[in-house]
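*Asks:* Take the position in the sequence shown, starting the count at 1, then add 1; the result is the number in our numbering.
Think of the CB as a built atom: it goes at the ideal place given N, C-alpha and C, for glycine as much as any other residue.
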Amino acid sequence: MKKLISFFALTLMMFYSGCKSSSDFPITDLHIHIKGGFTIDDAIAKSKQEHITYGLAVNCGLGFPVHTDAQIDSVLNFYKKYPQFLLAMQAEGREWLNIFSKESLNKFDYIFTDGMTFTDAKGRRNRIWMKDETWIDNEQEFMDYLANTIEKIISTEPINIYVNPTYLPAQMADRYDIFWTPERMDKVINAAKTHKVAIEINNRFKIPSVAFVARAKKAGVKFTVGTNNADKNFSGAEYALDVIKKCGLTKDDFYMPVNKRVNGSL
Ligand SMILES: [Zn+2]
């Protein structure tokens with residue numbers, strides 16, 4: 002009888018933990034956007050319901066609504082009412098380094114950027130999530146330039162996380178494993194390790210690959226979980242949970258920023 006009871010208790014426990022997430026530690030999604038009909042109230046409800054802590058990211062950069070220090074202050078003022086969320090600057094383009102003060106950067110809990118916007122060797126501005134703004138004369142050369150660009154971003158920009166990592170333009174994404182050779186992976190991984198930049202495991206784009214994460218883990222790189230939602234249609238952290246399981250990642254493999262509104266430093 003005792004055995005039977007403990008069997009039921011165990012089943013019940015598995016059922017409940019299965020409802021939350023399948024990792025042994027709580028998940029924090031550090032790349033959530035309030036946009037596309039997804040409101041701050043939705044974020045409060047969804048974060049609670051799915052047992053995932055959120056870091057909300059503000060897009061800052063040239064050509065974006067937030068492009069001055071004063072605008073950063075008014076945005077941060079709004080978020081003061083929501084100390085349960087971590088706050089991130091998503092640095093856009095490559096010009097952001099020259100338009101915001103160091104003081105403004107320090108007001109965020111963490112800063113991240115991606116390698117999806119860059120100017121190529123011929124001076125053309127690429128935004129590689131848009132087909133008609135991506136210039137591919139030769140795929141291998143494009144890949145070398147992209148890997149070098151990511152290495153440079155990680156090595157020179159004051160960021161905590163490299164997000165949307167290893168993202169490929171639509172024309173090439175179906176051959177991810179061919180383009181992301183071990184040499185190119187190592188270029189990005191070594192830069193991240195050297196400069197203590199974490200790499201996001203992105204739920205929306207399902208990147209980087211398991212092979213990449215396993216390699217980065219071996220090198221001692223830290224990770225984060227991020228979704229980069231376009232709207233309210235996202236849930237859980239399915240891809241990240243899958244990668245965590247397959248690569249045997251533990252809490253110690255993750256970078257966790259400090260919430261400055263909670264710890265009193267802001
Ligand atoms: Zn984003």
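GLN91 lies in the beta strand (DSSP E); which residues open and close that run?
*Replies:* It spans 87-92 - the beta strand (DSSP E) in which GLN91 sits, taken as one unbroken run.
*Asks:* Taking the alpha-carbon of SER156 as reference, which of ASN78, THR195, ASN230, LYS36 has the nearest alpha-carbon?
*Replies:* Looking at the Cα atoms, THR195 is the closest of the given residues.
*Asks:* Return the first residue and the last residue of the beta strand (DSSP E) that GLU201 is part of.
*Replies:* Note, GLU201: beta strand (DSSP E), 199-203.
*Asks:* Indicate, with yes or no, if ligand 1 has a heavy atom lying under 7 Å from the CB of ASN203.
*Replies:* No; taking the cut-off as 7 Å, the Cβ of ASN203 has no heavy atom of ligand 1 nearer than that.
*Asks:* Please report the straight-line C-alpha distance between ARG126 and ILE137, rounded to a whole angstrom.
*Replies:* Between ARG126 and ILE137, the C-alpha separation is close to 12 Å.
*Asks:* For the candidate residues LYS81, LEU63, ASP232, whose alpha-carbon lies nearest to that of LEU267?
*Replies:* The residue with the shortest Cα to Cα distance from LEU267 is LYS81.
*Asks:* In the DSSP assignment, find the beta strand (DSSP E) that holds THR150 and state where it starts and stops.
*Replies:* From DSSP, THR150 is part of no beta strand (DSSP E) but of the alpha helix (DSSP H) over 140-157.
*Asks:* Give me the Cβ distance between GLU93 and THR54, rounded to the nearest whole Å; I'm assuming they're in contact under 8 Å.
*Replies:* At roughly 24 Å, the Cβ-Cβ gap does not stay under 8 Å, so GLU93 and THR54 are not in contact.
*Asks:* Quick one: what's got a C-beta closer than 6 Å to LEU250's C-beta in the same chain, skipping five residues either side?
*Replies:* So no residue of the chain qualifies.
*Asks:* To the nearest angstrom, report how far apart SER22 and LEU77 are at their CA atoms.
*Replies:* Annotation note: pLDDT 49 at SER22 (below 50); position unreliable, coordinate value reported separately. Rounded to whole angstroms, SER22 to LEU77 spans 31 Å at the Cα level.
*Asks:* Along the chain, where does the alpha helix (DSSP H) that runs through LEU77 open and close?
*Replies:* Taken as a continuous stretch (DSSP letters only), the alpha helix (DSSP H) holding LEU77 covers 70-80.
*Asks:* Thinking C-alpha only, which one of ILE129, ALA192, SER236 is nearest TYR168?
*Replies:* It is ILE129.
*Asks:* What is the C-beta distance between ARG95 and ALA148, in whole angstroms, given that I count them as a contact (C-beta under 8 Å)?
*Replies:* So it is not a contact: roughly 16 Å between Cβ atoms.
*Asks:* Given the structure, does ALA58 come close to ligand 1, in the sense that its CB is under 7 Å from one of the ligand's heavy atoms?
*Replies:* Yes - ligand 1 has a heavy atom lying nearer than 7 Å to the Cβ of ALA58.
*Asks:* So does ASN161 have its beta carbon nearer than 7 Å to some heavy atom of ligand 1?
*Replies:* Every heavy atom of ligand 1 is 7 Å or more from the Cβ of ASN161, so no.
*Asks:* Considering ILE245, what are the terminal residues of the alpha helix (DSSP H) in which it resides?
*Replies:* Run containing ILE245: 239-248, per the alpha helix (DSSP H) assignment.
*Asks:* Using CA atoms only, rank isn't needed, just tell me which of TYR146, PHE113, GLU142 is closest to THR120.
*Replies:* Measuring from the Cα of THR120, the nearest candidate turns out to be TYR146.
*Asks:* Going straight from the alpha carbon of THR135 to that of PRO170, what length do you get?
*Replies:* Going by the C-alpha atoms only, they are around 7 Å apart.
*Asks:* Just checking ASN229 against ligand 1 - is the residue's beta carbon closer than 7 Å to any of the ligand's heavy atoms?
*Replies:* Checking every heavy atom of ligand 1 against the Cβ of ASN229, one is found closer than 7 Å.
*Asks:* Inspect the beta-carbon positions of ILE211 and VAL244 and report whether they are closer than 8 Å.
*Replies:* Sequence check: residue 211 is Val here, not Ile. Cβ atoms of VAL211 and VAL244: closer than 8 Å.
*Asks:* Could you check the C-alpha separation between GLY221 and LEU98 for me, to the nearest Å?
*Replies:* Looking at the two C-alpha atoms, the distance is approximately 28 Å.
*Asks:* On the DSSP letters alone, give me the boundaries of the beta strand (DSSP E) that ILE28 sits inside.
*Replies:* It spans 28-33 - the beta strand (DSSP E) in which ILE28 sits, taken as one unbroken run.
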